[in-house]
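In the working numbering, the protein residues as written are 798 to 1183. The structure appears below as C-alpha cells.
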Ligand code: KIV
Ligand code: ZN
C-alpha cells in the first residue's frame, strides 16, 4: 500500500519561543531555521510579524535565508496583521500566511464578545485577503478542540471556499482525548464537501500530556500536516514534540505514513535548541532525553547486553546519538559490571567479578552512579592481589 506523506510544520520559532525566558534574537532564529531546513521540516513558522519589530525582522531574514522549506508567518484574522505578515514574507521562495480566529463558543464569547456568524465572516474575509497577497494560506480555528463540531465543519467549508490551502484544527488547550481528536478530524473529512481542496493540520498542546497521542490520532484519521516543536517546547505544558511524532511514524509502518525528516539529525537538533533557548530537556524525555538510551537495572542490562532489541525499540544511531549507556547503580547486576570492566581493559574471571561485585555494591549504595574512576580503584587493587 502506498504511503502518504505527513507534512511537518515546525513552530519552534513561534509557538515554541512563547516559553517564558526563551526569547531568541534574529541571528539565533536564522541559525535554527537553517538547521530545521536541513533536518527536513516542510514548513518553518518563523514568527508573528505584527507582534514586534524584532519578530518582523526575524521573519523577513528567515524568508531570505530559507530556500526549500515553506516559511510561515502568523497573523490574527485582522487586516493589518495579514498585510504585515505578507510584507515580512516577501523575500520567501514559498511564503505562507497562517491566519485564524477563535472557533469555540468559549473563545467567541469571552475573547471576541461575538457570534458564530460574525466569526465566520471575519474568517472568510481574512483568508480572502491573505490569498490576494500569497498563494498559500493556512487558516487556524483556534480552540477547535472545544469547538462545536457542526460549527467547525461550517467554518472549515467556508475558509476552504475562500481559498485556504491548509486548515489547522488546534487543540489549543490540550483538552481532547486521542479518540475525541481523531473523531473530530474524521468528521471534517467525512462531512465537509470541499475537504479534498485543503490539507487538515493537527496542532496539539500538551496540557494533559496528550499532544503527541492526539497528533498521531489526527494523522490516523486523515490529517496530513502535524504542527510541532523541537523538544515539545511551547506555551504552558508545550506543543507536540517533533521528534516523538516523527519516530512514531517511522517505527509504525502499518500507519502507512512517512515524513521527510532525517532522523539522524534529531538529537543534535534537540541539543542545539536546548542550548540556544537555555532550556534543559528532561532526562526521561522520549527519543532525545539523556536517559533515552540508558539502561540501569540489572534485569534490563542483562537482556540488553545479550541483544539490544530486548529493551531498545530505537537504536541510538537512528536519532544521532553515539551509543546506548549502561549506567552502574545499586540496581545493576554482575553482567553489566563485567561488561564495564571489559570496556576498561580488565579481564576478570567469574570468581573475581563476584568478589568485585560485593565491593561495587558497597560503593553503589553510597553513590547514585558508580563511575569508571571508582571501578579502576577496585580493579587495580584486585590485580595487585592476584
Ligand atoms: O494553539 C493555537 O491555537 C495556536 C494558533 C495560533 C495556531 O498556536
Ligand atoms: Zn499553539
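Idealized CB from N, CA, C, for every residue including glycine. Fair warning: this is a prediction, and the values are worked out from it, not measured in the lab.
Beta strand (DSSP E) runs contained entirely in the region 955-1032, provided each spans 3 or more residues: Segments of the beta strand (DSSP E) lying fully in the region 955-1032: 963-968, 996-1001, 1022-1025.
Heavy atom of ligand 2 within 7 Å of residue 1036 beta-carbon: Ligand 2 has a heavy atom closer than 7 Å to the beta-carbon of residue 1036.
Paired residues, beta bridge with residue 1181 - DSSP: Beta-bridge analysis with DSSP links residue 1181 to no other residue.
Separation of residue 957 from residue 934, as counted between CA atoms: Cα-Cα distance, rounded: 10 Å.
6 Å CB neighbourhood of residue 1131 in its chain, flanking five on each side removed: Leaving aside the five residues that flank residue 1131 on each side, the residues in its chain whose CB is nearer than 6 Å to its CB run, in chain order, 1150, 1154.
heavy atom of ligand 1 below 7 Å from residue 846 C-beta: Placement of the Cβ of residue 846 at a distance of 7 Å or more from every heavy atom of ligand 1 is found.
Classification of residue 893 by the beta-carbon crowding that lies within 10 angstroms, buried from 16 upward: By the Cβ neighbour-count rule, residue 893 is buried, with 16 or more other Cβ atoms within 10 Å of its own.
Bounding residues of the beta strand (DSSP E) (the contiguous stretch that carries residue 844): Unbroken beta strand (DSSP E) run through residue 844: 840-844.
Inter-residue spacing [alpha-carbon to alpha-carbon] between residue 1032 and residue 816: Approximately 6 Å between the Cα atoms of the pair.
Through-space distance from residue 1122 to residue 1012, alpha-carbon basis: Cα-Cα distance, rounded: 30 Å.
Between the CA atoms of residue 798 and residue 875 - distance to the nearest angstrom: Going by C-alpha positions, residue 875 is about 43 Å away from residue 798.
Inter-residue CB distance, residue 1058 and residue 838 (contact presumed, cutoff 8 Å): Sure, about 7 Å apart at Cβ, within 8 Å.
Contact set for residue 1074: own chain, Cβ-Cβ below 6 Å, skip 5 residues either direction: Within the same chain, residue 1074 has close Cβ partners 819.
Euclidean distance between Cα positions of residue 857 and residue 949: For the pair residue 857 and residue 949, the Cα-to-Cα distance works out to about 32 Å.
Residue 803 - DSSP class collapsed to helix/strand/coil: For residue 803, the three-state secondary structure derived from DSSP is coil.
Alpha-carbon spacing of residue 866 relative to residue 806, whole angstroms: When rounded, the distance between both Cα atoms is 10 Å.
Neighbourhood of residue 877 by C-beta distance below 8 Å, restricted to the same chain and skipping five residues each side: Within the same chain, and ignoring the five residues on either side of residue 877 in sequence, the residues whose Cβ sits closer than 8 Å to its Cβ are 847.
Residue 1097 in three-state terms, based on DSSP: Secondary structure at residue 1097: helix, using DSSP grouped into helix, strand and coil.
Closer than 7 Å: residue 814 CB and nearest ligand 1 heavy atom: Residue 814 Cβ: outside cutoff for every heavy atom of ligand 1.
CB contact flag (residue 963, residue 953, <8 Å): No Cβ-Cβ contact shorter than 8 Å links residue 963 with residue 953.
6 Å Cβ shell around residue 891 - same chain, five flanking residues per side excluded: Same-chain partners within the cutoff: 867.
Delimiting residues of the alpha helix (DSSP H) encompassing residue 848: Residue 848: not part of any alpha helix (DSSP H); DSSP gives it neither H nor E.
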